[in-house]
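Worksheet: the structure to be examined is printed underneath.
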Amino acid sequence: MSNLNNDILYLIFEELQDDDNTLYSCLLVNKTWCESTVPILWKDPWKRLKNGKERSLLNVIISHLSKESRNNLGQHFDFLIESYQNSLFNYISFCRHLNLNEIQRIIDVELVQEKSSISIITSEIINLFINGNANYKTLYIPQQLDCQIRLIPGTESCFSEIEFLSCHTNINNNILFGLIETCKSIKQLELIIEGNDNNYEIVKLIESAGNLFKISFINKCLYVNESFCKILENSLIRHANTIENFKISTKPLVTKVLSSFANLKRLELDNSYENLPWNCLNYSSLPCLQFLYAKGVPICALTSLIASTSGQLIEIKIDHIPHEEIDNKRIIQAIYQKCPNLRYLKLMLRNRNILELKNLLVNCRNLSGLFIISNMVDTFGWDNLFEILTETSPTSLFRFKFSFCYKPIKLEFLKFFFDNWKDRHSLVNEHYGIDS
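The sequence shown runs 32 to 467 under the numbering used here.
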């Protein structure tokens, strides 16, 4: 390993980019390893930022400012009068993910006593990151940012290859028009939908995206102007054939635009208000859907959605939401009738529908993982469940997780399960779990 050149070392360390402890150890081996590791750690420094370490990162960033800039800022911030040594690396040049949310948060946390001058240092740091030599892949824009990004030298080259963008729908025009002009390669868009002062011009940003395949709508509040929602949702029709991944958070759609996503493969639904109807799912036909994740969404709406699919679903995760036994039966039936290729299922199971699980196991022969949630009002028949699992489970099934409330599973039932499973596919320890 010590004789490998830098390019090969970099490729090896790239495979470890999610293993922070190993990368930090590599920094200490020798100069060559350090030079190959630093660019990987600084590709996205924000994701490694831990609470309490904001000042350290801010000091590194400030050390890249010119002496003149630090002296000028020192008139407003005493800590900048401190001497800063030149950095060993041009860390900022390695950054490929620009998170202005985190930069704003760090400044707010560390300079809380100097609120009147925060905009000055924010502007200096933004100018430091946006330059003609930078080239970013992801960009996060904070809600209160107010600067004319498009007037900063180097903006166009910095943002010309942005593939992921996150911003708020009440974004001001100075920022928005700069993004529309420069971000032509957006493939993933995350919109935080605000309750007031939404900017209708944001649809131009959606329309200008080149090959949009992933959309996230994150609603900050329940009550949003319906006319704005309709315009926003209908602007996605332009990308109906390319959108493969769609996430909706907090509240349902107000239009039927979902049904136009003919090639949608992944759908995430997160409902924060239990009493809201999700009628947008009742009229949707998603023949290519493979992954369905839902939290707090009415079970009847999910049943309707699953029934409209064409057998491509391979993973369904539905977090606990109270519903009647008949509705529980219907969704289980919809799953085993429409999802023959299912590989993973997370679902609440009512006690009277344990026999319906047997039909699911018979029809879904590719199932490898099963997460069963028991209902808190049921007296759950774990003995019946384990008997069905040991007798009917497909040979591919080996990952289990069980969630129960109040009354734990009796040890004799678990012993029966393990004893009768011993001649089948071995259970993998890290995938097995019991939640209480």
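For glycine and all other residues, C-beta sits at the position ideal for the given N, C-alpha and C. Predicted, not measured: the structure shown is a model, and the values here were computed from it.
Boundaries (first-last residue) of the beta strand (DSSP E) holding residue i
i: S434; result: R430 to S434
i: L300; result: R297 to N302
i: E85; result: E85 -> not in any beta strand (DSSP E); alpha helix (DSSP H) instead, spanning E85 to I93.
i: K98; result: Where K98 is concerned, there is no enclosing beta strand (DSSP E), although the alpha helix (DSSP H) it sits in stretches over K98 to L104.
i: E221; result: Q219 to I224
i: Y473; result: No information on residue 473 is available, as it lies outside the stretch 32 to 467 that the chain covers here.
i: K348; result: E346 to I349
i: N130; result: H128 to N130
Within 8 Å, strictly: CB atoms of residue i and residue j
i: N230; j: L207; result: yes
i: R136; j: Y167; result: no
i: C178; j: N204; result: no
i: A293; j: L312; result: no
i: L176; j: L96; result: no
i: A325; j: I345; result: no
i: P425; j: L398; result: yes
i: I217; j: G241; result: yes
i: E133; j: L220; result: no
i: L317; j: L295; result: yes
i: I363; j: I419; result: no
i: N451; j: T421; result: yes
i: S87; j: E155; result: no
i: D281; j: N250; result: Here residue 281 turns out to be Thr, not Asp, going by the sequence shown. Cβ atoms of T281 and N250: closer than 8 Å.
i: L72; j: C65; result: no
i: L236; j: I211; result: yes
i: I268; j: S291; result: yes
i: C260; j: V234; result: no
i: T340; j: L320; result: yes
i: T288; j: E257; result: The sequence shown places Val at residue 288, not Thr. No. Outside cutoff.
i: Y367; j: N394; result: yes
i: G209; j: S188; result: no
i: K245; j: N272; result: no
i: F190; j: T153; result: no
i: G226; j: C252; result: yes
i: N37; j: S67; result: yes
i: L40; j: T63; result: yes
i: H456; j: F429; result: yes
i: I149; j: I138; result: yes
Helix, strand or coil at residue i [DSSP, three-state]
i: S188; result: helix
i: F120; result: coil
i: Q135; result: helix
i: Y55; result: helix
i: A325; result: strand
i: S399; result: coil
i: S339; result: coil
i: I71; result: helix
i: F292; result: coil
i: F447; result: helix
i: N460; result: Because the pLDDT at N460 is just 45, under 50, the model does not fix this residue reliably, and the point stays unresolved.
i: S239; result: helix
i: S467; result: Only weak support is given to the placement of S467: the predicted model assigns it a pLDDT of 41, under 50, and the question is left unresolved by the model.
i: F44; result: helix
i: K62; result: helix
i: S154; result: helix
i: I39; result: helix
i: I330; result: helix
i: I352; result: coil
i: W452; result: helix
i: F244; result: coil
i: I233; result: helix
Residue i: first and last residue of the uninterrupted alpha helix (DSSP H) it sits in
i: Q368; result: E356 to K369
i: L388; result: I385 to N394
i: N415; result: W413 to T423
Assumed close pair residue i, residue j - CB separation to whole angstroms, cut-off 8 Å
i: R239; j: L222; result: Note that residue 239 is Ser in the sequence shown, not Arg. Between L222 and S239 the Cβ distance is about 14 Å, and since that is not below 8 Å, they are no contact.
i: I224; j: T200; result: 5 Å
i: K432; j: F402; result: 4 Å
i: L119; j: L170; result: The pair is not a contact, with the Cβ atoms about 27 Å apart (cut-off 8 Å).
i: V328; j: L300; result: 5 Å
i: I337; j: L378; result: That pair is no contact at about 11 Å.
i: I202; j: I172; result: 7 Å
i: G342; j: K369; result: 6 Å
Closer than 7 Å: residue i CB and nearest the ligand ADP heavy atom
i: R136; result: With respect to the ligand ADP, the structure shown offers nothing to examine, as it has no ligands at all.
- Of all the alpha helix (DSSP H) runs that stay within the bounds of the region 250-280, which reach a length of 4 or more residues? With a minimum length of 4 residues, the continuous alpha helix (DSSP H) runs that stay inside the region 250-280 are 257-265.
- Query: Of all the alpha helix (DSSP H) runs that stay within the bounds of the region 160-217, which reach a length of 4 or more residues?
  - Reply: Counting only runs of 4 or more residues that sit fully inside the region 160-217, the alpha helix (DSSP H) segments are 186-190 and 204-213, in chain order.
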